[in-house]
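Asker: Residue numbers (this note's numbering), protein chains in the order written: chain Y, 6 to 299; chain S, 6 to 299.
Idealized CB from N, CA, C, for every residue including glycine.
2 protein chains.
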Amino acid sequence: MTDARNDEAADWIEEREGDSLRLGYRVTGRVFSGTSSYQRIEVVDTGAFGRMLFNDGVVMVSERDEFVYHEMIAHVPLFVHPRPRRVLVIGGGDGGSVREVLRHPEVEHCRLVEIDGMVLDACREHLPSMAGSLADPRVEVTVGDGVAFVERTGERYDLVLVDSTDPVGPAEPLFGPGFYSAVHRVLREDGVVVSQAESPFLHPDRQRALLRILGDRFERVGIYNYANITYPGGFWSFTFAARGDLCPLGDLDDARVERSGLAFRYYSPEVHRAAFVLPPFQAQALRGLRTPFK
Amino acid sequence: MTDARNDEAADWIEEREGDSLRLGYRVTGRVFSGTSSYQRIEVVDTGAFGRMLFNDGVVMVSERDEFVYHEMIAHVPLFVHPRPRRVLVIGGGDGGSVREVLRHPEVEHCRLVEIDGMVLDACREHLPSMAGSLADPRVEVTVGDGVAFVERTGERYDLVLVDSTDPVGPAEPLFGPGFYSAVHRVLREDGVVVSQAESPFLHPDRQRALLRILGDRFERVGIYNYANITYPGGFWSFTFAARGDLCPLGDLDDARVERSGLAFRYYSPEVHRAAFVLPPFQAQALRGLRTPFK
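As structure tokens, then:
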């Protein structure tokens, strides 16, 4: 099937998952490459997945499947919270999560706190389908450490979206207890935090640790799954944690989604509910760490 | 993160998806390698995924995640059909699907038709956790062409499971109209056929073609999804087609699953239902090709 001569000449970019799995993408153009104080940043064009962003060799987004991740991090809490006016996004410098948040007209203010200015610059220039959202007048962008921001700010939010990479390198503190104590403090009474929560197949330990931290601080804690092409293993999760009694299933109103008039490619009320159905191997690994849903 | 010296010495095996994506697994031992009249067969040990079988460089199974595929191909139709006594598996020479079928005591006879005797021999010797099932007295193994078998046999079945690889090479006829006309003929009145149906992200054209063929021949046609680590993109599908009026949702009885006393790692009645919820991008791609469910 593979033409060895073509192959020798081809340019590939590879992500490593631990030391035993690697995913390679054929590169048709190298668009940007830079090293910030935090990480190596690469933007490449690929034949099959469109333009892709890699931080330290880990896939952040591909144009082809970013809709899955961004719809699922944003619309699940936005359709559960009764009045999502103020949204804080930690990480997510590509702007994809902010783009989805802004589709809800009741959102008045969205702040993005991204630690790495070079990610923001690279995405604004090279990934405008996502980072174009950052120019919206409802958006304020802060270049800075997300942990320090939530520890010091006097602002309060209805939703916090933790749109982070893996818990190695600059994103590591975003998986720690101190950060979530501070997130709890910046959330309004009905507030919800949704966080990128790794893979049930590959990182059950990380999922357990995150749910334990959330369970010590929040009233209602759950986890939901989605399917991405370009994350290792393809099956990944977000955690959902509410300060108050909001329930990601019981407080979802299909008619409200319908009335919004929004069209989605991955999200729907049915997908929302199905995402909270965990296969037994995952439920077993997370036993005792989730709150029952209404 | 990667030690370049270790890396040079390491042995990797790689699957290519088209010419633009590759997935590599670090090999800790080469267990079997052979070339049959149909394909190149390799069994390797990997650090992260246990023992794996590759046909022509395409992952067939890994010990680590095979439970997902085999539970979902088998238990979805087995818990929908009211009296699954006779089951025919086409392909599936690793024996994993047969193993799951045999967990249902009402199954009296299960025939496996695998085209490649070398796959059977390699799996019997090197993947006993799956192929051990083939020694069960309820099982009859036929080495031969699945298409020819269903065209010529006088036997009738309650369920047919098409446990095939991708529609290139020896499995190509298993995606064709002639095969499904013959499958329809060997099914009893209430019969159901479930087929490996590729990826909604990577092969929407293959999913459309298969549903069109099924829709021309069967009363009720649907598709359901599951999450595998070791298939490219991680999000794959099975089609469900019934000769009669059996409905994969309406005819699922949670109490029957409970009474079976069977423990699963991926399957549950809730996972069964959630699997039939398609994200809008997939529903759109398959518009008009599915039957409504009760």
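1) Which residues share a DSSP beta bridge with I120 of chain S?
2) Which residues share a DSSP beta bridge with C115 of chain Y?
3) How is D163 of chain Y classed by DSSP in three states: helix, strand or coil?
4) Thinking C-alpha only, which one of S:F298, S:R90 and S:R213 is nearest R193 of chain S?
5) On the criterion of 16 or more Cβ atoms from any shown chain inside 10 Å, does T40 of chain Y qualify as buried, or is it exposed?
6) How should D163 of chain Y be labelled, buried or exposed, when 16 other C-beta atoms within 10 angstroms of its C-beta is the threshold for buried?
7) Do you know how far the Cα of V118 of chain Y is from the Cα of G4 of chain Y?
8) Return the CA-CA distance between A99 of chain S and L132 of chain S, expressed in angstroms with no decimal places.
9) How is D221 of chain S classed by DSSP in three states: helix, strand or coil?
10) Under the assumption that S204 of chain S contacts T244 of chain S (Cβ atoms under 8 Å), give the Cβ distance between them as a whole number of angstroms.
11) If the cut is a Cβ gap below 8 Å, which residues of chain S does Y271 of chain Y touch?
12) Could you tell me the alpha carbon to alpha carbon distance between D50 of chain Y and F240 of chain Y, rounded to whole angstroms?
13) How many whole angstroms separate the CB atoms of R190 of chain S and E224 of chain S, which I take to be in contact at a CB cut-off of 8 Å?
14) Let me know if E76 of chain Y comes out buried or exposed under the rule of 16 or more other beta-carbons within 10 Å of its beta-carbon.
15) Just confirm the distance between the C-beta atoms of L207 of chain Y and E22 of chain Y, as a whole number of angstroms; I'd bet it's less than 8 Å.
16) Is any beta-carbon of chain Y found at less than 8 Å from that of A53 of chain S?
17) Leaving out five residues before and five after P172 of chain S in sequence, what residues of the same chain have Cβ atoms less than 6 Å from its Cβ?
18) Using only CA atoms, which one of S:G122, S:A14, S:R211 and S:R27 lies nearest to G151 of chain S?
19) Just how far apart, CA to CA, sit S38 of chain Y and V64 of chain Y?
20) Kindly list, in the order they appear in chain Y, the residues whose Cβ is closer than 9 Å to that of L164 of chain S.
21) Start and end of the alpha helix (DSSP H) containing D259 of chain Y?
22) In whole angstroms, what separates the C-alpha of V293 of chain Y from that of R31 of chain Y?
23) Closer than 8 Å, Cβ to Cβ, to anything on chain S: give me those residues from the segment 24 to 36 of chain Y, in chain order.
24) Look up F59 of chain Y in the DSSP assignment and give the residues it is bridged to.
25) Across the segment 81 to 95 of chain S and the segment 250 to 266 of chain S, are there enough close Cβ pairs to call them in contact, namely three or more that are closer than 8 Å?
26) Smallest Cα separation from E71 of chain Y: which of Y:S265, Y:Y231, Y:F154 and Y:P284?
27) Under 8 Å, Cβ to Cβ, is there at least one residue of chain S near D70 of chain Y?
28) Near I234 of chain Y, what residues of its chain come up, given a Cβ to Cβ distance below 6 Å and the 5 sequence neighbours on each side ignored?
29) Looking at the C-beta of V276 of chain Y, does it have a partner C-beta in chain S at a distance below 8 Å?
30) Can you check whether the C-beta of G239 of chain S is within less than 8 Å of a C-beta belonging to chain Y?
31) What separation, rounded to the nearest whole angstrom, lies between the Cα atoms of L28 of chain S and P87 of chain S?
32) Between the beta-carbon of T33 of chain Y and the beta-carbon of G52 of chain Y, is there less than 8 Å?
33) Terminal residues of the continuous beta strand (DSSP E) containing S242 of chain S?
34) Should G96 of chain S go down as buried or exposed, given a rule of 16 or more other Cβ atoms within 10 Å for buried?
35) Tell me, please, whether the CB atom of A232 of chain S is closer than 8 Å to any CB atom in chain Y?
36) To the nearest angstrom, how far is the alpha carbon of Y43 of chain S from that of R217 of chain Y?
Answerer: So, to answer that:
1) Note: I120 of chain S sits in no beta bridge, so no partner.
2) Y:V92 and Y:V144
3) strand
4) S:R90
5) exposed
6) buried
7) The structure shown does not extend to residue 4 of chain Y, since chain Y is modelled only from 6 to 299, so the question has no answer here.
8) Note on identity: in this sequence residue 99 of chain S is Asp, with Ala being the wrong assignment. Those two C-alpha atoms are separated by around 7 Å.
9) coil
10) About 13 Å separates the two Cβ atoms, so there is no contact after all.
11) P284, P285 and F286
12) 24 Å
13) R190 of chain S to E224 of chain S, Cβ: 15 Å. No contact.
14) buried
15) 6 Å
16) yes
17) F180
18) S:G122
19) 14 Å
20) Ordered by position in chain Y, no residue passes the 9 Å Cβ test against L164 of chain S, which lies about 22 Å from the chain.
21) D259 to S265
22) Rather than Val, the amino acid found at residue 293 of chain Y in this sequence is Gly. The straight-line gap from Cα to Cα measures roughly 43 Å.
23) D24, S25, L26, R27, L28, G29, Y30 and R31
24) Y:E47 and Y:V64
25) yes
26) Y:Y231
27) yes
28) D70
29) yes
30) yes
31) 40 Å
32) yes
33) F240 to A247
34) buried
35) yes
36) 51 Å
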